[in-house]
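Okay, structure first, notes after.
Chains as they are written, first to last, in the working numbering: chain A, 1 to 499; chain B, 500 to 595.
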């Protein structure tokens, strides 16, 4: 089944309803479907084997994803923040492509490759103007790959994760009820188009018939002003965005935000302080923490609004702790926590998170990572408590193995963050002659506090955790390195600590 | 019947996409559905005239059949004469 069906159904049901608002322009479901069908013609003419997007979010991203789907060509949005050499290498892996966006840059860095390049306006205009001929079009049945996303590749060359039509359709049909949104509903989309959350946001909103409001460049002021101007009801943010929004509001930026009913967040660890402040700033909004990966077509577990409220109101530390959990697996997903030898671990025991379900691709262009029974090893480490709530302790590769003992950086960081003078913390493995690996931490001192002594911090960890968790090396840094999605770049911290 | 096959009603406007199916006869309005619409419309059987709703998924009791309605109509869906029912969707909070 082709993902273009999602847009076809929306356009069939209500062709004249507003589907998308971007840069002040409004697009109906009918407009978008007509442009997607027009872009099918452009893609066919170009003979491209991929449709790539090298651009910020805009209507072109919506038209291209469905146009590529109709043409049976993978849609591959690229990270425009990558350096030229890295980007040229990725373009080389998808040649010949129809590349939409930064024409000048593609010609400069990949001029010797076999691409057809169209600037955003040109693509959009041509897609609108091109009307399919009278002869019936043979659109792709959707049995192949819909999306190809390059992983960030911090250790090796980026992997090409592929999502099939069947994975994405499975995700949408399993999690979204068709046309379930009111006509007044509006979802504010700020995640970049090359991120899985940016793609699933488009598919989910179109199938729910929830108007999409795009903010191509995030700023707290721009976000707040669009919430007011478009009476936004739903929004997805990464933790750093929410932190900046709350911060701007504390500094006096005001906006009418009563329309916001639902705020979802994900993509990185949410600091407790930020979620507490956000719950206060947006008392009318229900908060949802979503956990998912590129390879799983987005969300596989979530902590819903009811869980947030219950955790906040509770005196029970176990229930309060749920604010730091990822919630429970969604009904269409099976989840297991497994040990090093692949054995399923009992409740409460930390290990690697495995998932299975229609939406789980677990597939790279080079090979599939699924096991024989269809389970995908996420490389995320975590555990599930007796009530079924999932807690993440970091990437499986980030686990510190000290003399055969496995420890998660998260538990050490959480303890250090209870110190009033510590604003941010990152624990990681550093080489040790005696233990193989031992604990190193990089810390950021909170503004207005003096840097605490090493002995005091070591004692804090010793008093709350086992002595093996006490950091052997402590470094103070001005700030920790995060990527634009708010993911902590542990490998960079490791390099600093190893020096 | 292959998943992804689009079936049309002979008795009304209903169209469905096959998500899951076994070897039985899929019907709408009491008449077999097919990939092409017959030249002459079949009569709408009174027992199968409750109608289909856009975007609803219809299933049988054994979980062997699942059809997604992509175009609504006056007929209702059945397999070998047994009516299909709307699949209960558990509403999830929007997460993206």
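By construction, the Cβ of each residue, glycine as well, lies at the ideal position given by its N, Cα and C atoms.
Use the C-beta contact count for residue i: other C-beta atoms within 10 angstroms, 16 or more gives buried, fewer gives exposed.
i	result
residue 234 of chain A	buried
residue 464 of chain B	No answer is possible for residue 464 of chain B: it lies beyond the span of chain B, which begins at 500 and ends at 595.
residue 280 of chain A	exposed
residue 581 of chain B	exposed
residue 34 of chain A	buried
residue 570 of chain B	buried
residue 120 of chain A	buried
residue 167 of chain A	buried
residue 356 of chain A	buried
residue 451 of chain A	exposed
residue 136 of chain A	exposed
residue 418 of chain A	exposed
residue 250 of chain A	exposed
residue 386 of chain A	exposed
residue 317 of chain A	exposed
residue 55 of chain A	buried
residue 222 of chain A	exposed
What are the residues that DSSP puts in a beta bridge with residue i?
i	result
residue 289 of chain A	A/265, A/303
residue 34 of chain A	For residue 34 of chain A, which the question treats as bridged, DSSP gives no partner whatsoever.
residue 39 of chain A	Residue 39 of chain A pairs with nothing; no bridge assigned.
residue 142 of chain A	Its beta-bridge partners do not exist; DSSP assigns none.
residue 582 of chain B	B/577
residue 482 of chain A	A/488
residue 27 of chain A	A/20
residue 506 of chain B	B/515
Examine chain B for any beta-carbon lying closer than 9 Å to the beta-carbon of residue i, and answer yes or no.
i	result
residue 1 of chain A	yes
residue 500 of chain A	Because chain A spans 1 through 499 in this model, residue 500 of chain A falls outside it and cannot be assessed.
residue 207 of chain A	yes
residue 167 of chain A	no
residue 173 of chain A	yes
residue 9 of chain A	yes
residue 144 of chain A	no
residue 62 of chain A	no
residue 360 of chain A	no
residue 180 of chain A	yes
residue 331 of chain A	yes
residue 396 of chain A	no
residue 409 of chain A	no
residue 77 of chain A	no
residue 65 of chain A	no
residue 5 of chain A	yes
residue 334 of chain A	no
residue 141 of chain A	yes
residue 486 of chain A	no
residue 177 of chain A	yes
residue 266 of chain A	yes
If we cut at 9 Å on Cβ distances, does residue i have a partner in chain A?
i	result
residue 525 of chain B	no
residue 560 of chain B	no
residue 500 of chain B	no
residue 594 of chain B	yes
With 9 Å set as the bound, which would you pick, yes or no: does the beta-carbon of residue i sit closer than that to a beta-carbon of chain C?
i	result
residue 211 of chain A	No chain C appears in the structure shown, which is made up of the protein chains A and B.
Indicate whether the contact test is met: 3 or more Cβ pairs, each with one atom in the region 553 to 562 of chain B and one in the region 175 to 183 of chain A, closer than 8 Å. yes
Contact between the region 390 to 410 of chain A and the region 359 to 367 of chain A is defined here as three or more beta-carbon pairs at a separation below 8 Å; is this criterion met? These segments do not touch.
Check each residue of the region 563 to 590 of chain B: if its Cβ is closer than 8 Å to any Cβ of chain A, include it; give the result in chain order. 567, 569, 570, 588, 589, 590
Please identify, using Cβ separations under 7 Å, the residues of the region 282 to 306 of chain A that lie next to chain B, in order along the chain. If the cut-off is 7 Å between Cβ atoms, the region 282 to 306 of chain A has 286, 288, 290, 298, 299, 302, 304, 305 near chain B.
If contact means a Cβ-Cβ distance below 9 Å, which residues of the region 128 to 139 of chain A contact chain B? none
Taking any Cβ of chain A, which residues in the region 528 to 557 of chain B have a Cβ under 8 Å from it, in chain order? 553, 554, 555, 556
Is the number of C-beta pairs between the region 483 to 498 of chain A and the region 434 to 450 of chain A that are closer than 8 Å three or more? yes
Are the region 77 to 90 of chain A and the region 185 to 201 of chain A touching by the rule of at least three beta carbon pairs closer than 8 Å? yes
Does the region 98 to 108 of chain A touch the region 40 to 60 of chain A, meaning 3 or more C-beta pairs lie closer than 8 Å? yes
Does the structure place the region 233 to 247 of chain A close enough to the region 257 to 275 of chain A that three or more beta carbon pairs sit under 8 Å? yes
Indicate whether the contact test is met: 3 or more Cβ pairs, each with one atom in the region 321 to 333 of chain A and one in the region 214 to 231 of chain A, closer than 8 Å. no
Hey, is the region 123 to 137 of chain A in contact with the region 103 to 111 of chain A, meaning 3+ C-beta pairs nearer than 8 Å? Below 8 Å, too few C-beta pairs join the region 123 to 137 of chain A and the region 103 to 111 of chain A to call them touching: fewer than three.
Within the chosen definition, does the region 47 to 61 of chain A reach the region 165 to 179 of chain A through at least 3 CB pairs nearer than 8 Å? No: fewer than three Cβ pairs fall under 8 Å.
Any chance the region 502 to 519 of chain B sits against the region 288 to 303 of chain A, with 3 or more Cβ pairs inside 8 Å? Too few Cβ pairs lie closer than 8 Å, so no.
Anything in the region 208 to 237 of chain A with a Cβ closer than 8 Å to a Cβ of chain B? List those residues in chain order, please. Answer in chain order: 208, 210, 234, 236.
Touch check for the region 207 to 222 of chain A and the region 63 to 78 of chain A: three-plus C-beta pairs under 8 Å? no
Determine which residues of the region 187 to 204 of chain A have a Cβ less than 8 Å from any Cβ of chain B, and write them out in chain order. 187, 197, 200, 201, 204
Counting Cβ pairs closer than 8 Å, one from the region 527 to 541 of chain B and one from the region 574 to 591 of chain B, do we hit at least three? Using a C-beta cut-off of 8 Å, the region 527 to 541 of chain B makes contact with the region 574 to 591 of chain B, since at least three inter-stretch Cβ pairs fall below that distance.
Would you call the region 429 to 438 of chain A in contact with the region 330 to 348 of chain A, where contact means no fewer than 3 C-beta pairs closer than 8 Å? no
Using a Cβ distance threshold of 8 Å, determine whether the region 107 to 120 of chain A contacts the region 22 to 31 of chain A, with at least three qualifying pairs required. no
Closer than 7 Å between beta carbons: that is the criterion. Which residues of the region 251 to 264 of chain A meet it against chain B? 262, 264
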